[in-house]
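Asker: One structure follows; several queries about it will come next.
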Amino acid sequence: MRYRTLGGTGIEVSTHCLGAMMFGAVGNPDHDDCVRIIHAALDQGINFVDTADMYSAGESETIVGKALRDRRDDVVLATKVHFPFTEGRNRSGNSRRWITRAVEDSLRRLGTDWIDLYQIHRPDHTTDIEETLWVLSDLVSAGKIRAFGCSAFPAEDIVEAYHVADRRGYGRFRTNQPPYSMMARGIERSVLPTCHRLGMGVLTYSPLAFGFLSGKVRKNQPLDLSARASLAPDRFDPALPANAAKYDAVEQLVEVADGIGTTLPELALAFVTTHPAVTSVITGPRTMEQLQGLITAADLTLDDKTLDRIDEIIQPGTDVYRADAAWQPQSLTDITRRRRPLADR
Numbered sequence: 000m001r002y003r004t005l006g007g008t009g010i011e012v013s014t015h016c017l018g019a020m021m022f023g024a025v026g027n028p029d030h031d032d033c034v035r036i037i038h039a040a041l042d043q044g045i046n047f048v049d050t051a052d053m054y055s056a057g058e059s060e061t062i063v064g065k066a067l068r069d070r071r072d073d074v075v076l077a078t079k080v081h082f083p084f085t086e087g088r089n090r091s092g093n094s095r096r097w098i099t100r101a102v103e104d105s106l107r108r109l110g111t112d113w114i115d116l117y118q119i120h121r122p123d124h125t126t127d128i129e130e131t132l133w134v135l136s137d138l139v140s141a142g143k144i145r146a147f148g149c150s151a152f153p154a155e156d157i158v159e160a161y162h163v164a165d166r167r168g169y170g171r172f173r174t175n176q177p178p179y180s181m182m183a184r185g186i187e188r189s190v191l192p193t194c195h196r197l198g199m200g201v202l203t204y205s206p207l208a209f210g211f212l213s214g215k216v217r218k219n220q221p222l223d224l225s226a227r228a229s230l231a232p233d234r235f236d237p238a239l240p241a242n243a244a245k246y247d248a249v250e251q252l253v254e255v256a257d258g259i260g261t262t263l264p265e266l267a268l269a270f271v272t273t274h275p276a277v278t279s280v281i282t283g284p285r286t287m288e289q290l291q292g293l294i295t296a297a298d299l300t301l302d303d304k305t306l307d308r309i310d311e312i313i314q315p316g317t318d319v320y321r322a323d324a325a326w327q328p329q330s331l332t333d334i335t336r337r338r339r340p341l342a343d344r
C-alpha cells in the first residue's frame, strides 16, 4: 500500500480509502461481517476510512465505530454532513445550527472524541459559505474535528470558499471529494486543476462508474439487477440510446485490461490514482471478496502506453455519463436563473 499526504494537513493516508456506504441496510446489514471487512482492510495497509451520517440513516457510522473501537489511533477517519435522513425542518444543509448538532450525533455514533476529516457533503446555496466555514473553524478549535473539506463542489464554489476563508481568517477546505473514473473525466477540466493549484487533497469516489467498470456489466450479457444496478436500472438499460456509448466504452476498456493482464476494476482503480491531483480513491466494498479486489489494485501501476490507450477511448475531460446525479447547481435547477422574466426578454 502506498501513502500520500492529505492536502496541506500533514496527515498521511493510504492511496486507497475504504468507503463505508455499503455497510448497513443499503448494502450489507450484517454488522459483524462489515466489521470483519473493515479489520481486514486495516490489516492490509489501508489507514483511511470514509463514511457519512446519511449512509443507511446513521447505521454506517455505527458500524465503523464498532470496528474502530480498539484501533482508533491508527485510522484517519472521515465522515460527512449535509443530507437529511430524519424528518423535520432545519435537519439538513450547511448551517451552523445543523452542523453543530450533526457533528455531535456523528461523534456519538462513531464512538470517538474527534473526526479527522469532516466534509460538507454537497453545496448549500441557501447558506452563506462564510457561515459554514465559521462553524467548521470553531469545531477545529474545539478539538471535535482535525480538518474539514467538501464533496462534489464545483470549481467556482471551491474558489469562492478559498477567498472567503482568506478574507475572514477562517480555516479553509483542505479536501474535495468528487466522482471520478475512466468514464467520468469531466473534473479534469477545472475541478482537479483547481484543487491541485490550491494545495487541496482529493478523495475521489465512484471509480467503477456506478458499476459499469465492475466487469459485470457487458454488452449482450444479462444484467444482475440484484446488485448496485438495482438502485438505478435506467442507467444500465441497453435499449436506451444514452447508454450505448457506455457499453461500447466498456468493451474497449476490457481489451485494455486484458492486454496488460489485469481486470477491468483493477484498471479502473489504478487509473484514478495516476492523476497528480488525486490523493486517494474511495471504494465501497460490500463483501470480503470485493475488498480483496481493492487490495490487489493497490499494487498496479499503469504505464504511459496504457494511459494513452485509455485517452483514445475516452478523451481527457470527457464524461460518458453524468457522474454526480445527487446534486445539480441552482443555475440549472432554478428556472428563474436560466430565463429572464417574460417582460424582460
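If you're matching positions, the sequence shown starts at 0 in numbering that gives the first Met the number 0 and goes up one per residue.
The beta-carbon is built from N, C-alpha and C at its ideal position, and this holds for glycine as well.
1) When the Cα of V12 is compared with those of V74, A141, A66, which residue comes out closest?
2) Using the three-state DSSP reduction, which class does E86 fall into: helix, strand or coil?
3) Determine the direct distance from the alpha carbon of D333 to that of R121, and round the result to whole angstroms.
4) Kindly identify the DSSP beta-bridge partner or partners of Q176.
5) Within a Cβ cutoff of 7 Å, which residues of the same chain sit near I313, ignoring the five residues on either side of it in sequence?
6) Note down the Cα distance separating I294 from A40, rounded to an integer number of angstroms.
7) Looking only at its chain, what residues have a beta carbon closer than 7 Å to the beta carbon of L301, apart from the 5 residues adjacent to it on each side?
8) Could you check which residue in H81, N93, I144 has the C-alpha nearest to that of T8?
9) Consult DSSP for I45 and reduce its assignment to one of helix, strand or coil.
10) Below 8 Å on the Cβ atoms is my guess for L109 versus L76; work out the distance and round it to an integer in Å.
11) From the DSSP output, read off the bridge partner residues of F22.
12) Compute the beta-carbon to beta-carbon distance between A154 and D115, rounded to the nearest angstrom, for a pair I have assumed lies under 8 Å.
13) For the beta strand (DSSP E) containing A342, list its first residue and its last residue.
14) Determine which residues share a DSSP beta bridge with A77 and list them.
15) Let me know the secondary structure DSSP gives L263 once reduced to three states.
16) I'd like the list of long-range same chain contacts for A24, defined as Cβ closer than 7 Å, with 5 residues on each side in sequence excluded.
17) Would N46 be called buried (16 or more neighbouring beta carbons within 10 Å of its own) or exposed?
18) Check whether the Cβ atoms of F235 and L222 sit closer than 8 Å, and answer yes or no.
19) Three or more C-beta pairs closer than 8 Å, one from the region 257-267 and one from the region 199-215: is that the case here?
20) Select from I157, G142, T111, A238 the residue whose C-alpha is nearest the C-alpha of T131.
21) Closest to L384 by C-alpha separation, out of T4, M20, G316, V63, would be which residue?
22) Between D31 and A101, which are expected to be in contact by the criterion C-beta below 8 Å, what is the C-beta distance as a whole number of angstroms?
23) Could you say which of S213, V134, T14 lies nearest to R285 if we only look at CA atoms?
24) Going by CA-CA distance only, name the one from A276, E86, G87, T99 that's closest to V80.
25) Just to confirm the assignment: which complete beta strand (DSSP E) runs, minimum length 3, are found wholly within the region 256-339?
26) When DSSP labels each residue in this structure, what does T131 get in the three-state scheme?
27) Could you pull out every residue in the same chain whose Cβ sits closer than 7 Å to the Cβ of R90, ignoring the five residues on either side in sequence?
28) For G200, name the three-state secondary structure that DSSP assigns.
29) If you draw a straight line from the alpha carbon of I259 to that of D123, how long is it in whole angstroms?
30) Would you kindly work out how many angstroms separate the C-alpha atoms of K218 and I119, rounded to a whole number?
31) Which of helix, strand or coil does DSSP assign to A348?
Answerer: Considering the structure as presented:
1) Taking the first residue of the sequence shown as position 1, residue 12 is located at position 13. The option with the nearest alpha carbon to V12 is V74.
2) Residue 86 sits at position 87 when you count from the first residue of the sequence shown. Three-state result, E86: coil.
3) Position 122 of the sequence shown, counting from 1, holds the residue named residue 121. Position 334 of the sequence shown, counting from 1, holds the residue named residue 333. Distance between the alpha carbons of R121 and D333 is about 17 Å.
4) The residue you call residue 176 lines up with position 177 of the sequence shown. BP columns for Q176 point to S150.
5) Within the sequence shown, the letter at position 314 stands for residue 313. Counting only Cβ-Cβ distances below 7 Å, and skipping sequence neighbours, we find M181, M182, R184, A248, V319.
6) Here the question's residue 294 lines up with position 295 in the sequence shown. Here the question's residue 40 lines up with position 41 in the sequence shown. C-alpha separation (whole angstroms): 8 Å.
7) The residue labelled residue 301 in the question sits at position 302 within the sequence shown. Closer than 7 Å at the Cβ level, and outside the excluded window around L301, lie A269, F270, T273.
8) Along the sequence shown, one-based indexing puts residue 8 at 9. Cα-wise, what sits closest to T8 is I144.
9) Here residue 45 refers to the residue found at position 46 of the sequence shown. In the structure shown, I45 sits in coil (DSSP, three-state: anything other than H, G, I, E or B).
10) Numbered from its first residue, the sequence shown carries residue 109 at position 110. Numbered from its first residue, the sequence shown carries residue 76 at position 77. L109 to L76, Cβ: 7 Å. Contact.
11) Looking up residue 22 in the sequence shown gives position 23. Partner(s): N27.
12) Reading the sequence shown from its first residue, position 155 is the one you call residue 154. Reading the sequence shown from its first residue, position 116 is the one you call residue 115. A154 to D115, Cβ: 25 Å. No contact.
13) Here the question's residue 342 lines up with position 343 in the sequence shown. No beta strand (DSSP E) contains A342, which DSSP labels as neither H nor E.
14) Translated into the one-based positions of the sequence shown, residue 77 becomes position 78. For A77, which the question treats as bridged, DSSP gives the partners D49, L116.
15) Position 264 of the sequence shown, counted from the start, is the residue given in the question as residue 263. Of the three classes helix, strand and coil, the one that applies to L263 here is helix, per DSSP.
16) Within the sequence shown, residue 24 is the residue found at index 25, counting from 1. Here A24 has S55, E58 as same chain residues with Cβ atoms under 7 Å from its own Cβ, once five neighbours each way along the sequence are excluded.
17) Walking along the sequence shown from the start, residue 46 turns up at place 47. If you draw a 10 Å sphere on the C-beta of N46, you find 16 or more other C-beta atoms in it, and that means buried.
18) In the sequence shown, residue 235 corresponds to position 236, counting from 1. In the sequence shown, residue 222 corresponds to position 223, counting from 1. Cβ atoms of F235 and L222: closer than 8 Å.
19) Yes, since at least three Cβ pairs between the region 257-267 and the region 199-215 fall closer than 8 Å, the two stretches touch.
20) In the sequence shown, residue 131 corresponds to position 132, counting from 1. Of I157, G142, T111, A238, the smallest CA-CA separation from T131 is found for I157.
21) Residue 384 is absent from the structure shown; the chain starts at 0 and stops at 344.
22) Here residue 31 corresponds to residue number 32 of the sequence shown, with the count starting at 1. Here residue 101 corresponds to residue number 102 of the sequence shown, with the count starting at 1. That belief does not hold up - the Cβ atoms of D31 and A101 are roughly 27 Å apart, past 8 Å.
23) On the sequence shown, position 286 is the one that residue 285 refers to. The shortest C-alpha separation from R285 is found at S213.
24) Here residue 80 corresponds to residue number 81 of the sequence shown, with the count starting at 1. Per the C-alpha coordinates, the member of A276, E86, G87, T99 positioned closest to V80 is T99.
25) 279-282
26) Locating residue 131 in the sequence shown gives position 132, where the first residue counts as 1. Of the three classes helix, strand and coil, the one that applies to T131 here is helix, per DSSP.
27) Sequence index remark: in the sequence shown, residue 90 carries index 91 (1-based). If we look at R90 and ignore the five residues flanking it on each side, its Cβ neighbours are P83, W97.
28) Stepping through the sequence shown from its first residue, residue 200 is reached at position 201. Strand at G200.
29) If you number the sequence shown from 1, residue 259 lands on position 260. If you number the sequence shown from 1, residue 123 lands on position 124. Those two C-alpha atoms are separated by around 44 Å.
30) For the purposes of this step, residue 218 is taken as residue 219 along the sequence shown, with counting starting at 1. For the purposes of this step, residue 119 is taken as residue 120 along the sequence shown, with counting starting at 1. Going from the Cα of K218 to the Cα of I119 covers about 37 Å.
31) The first residue shown for the chain is 0 and the last is 344, placing residue 348 beyond what the model contains.
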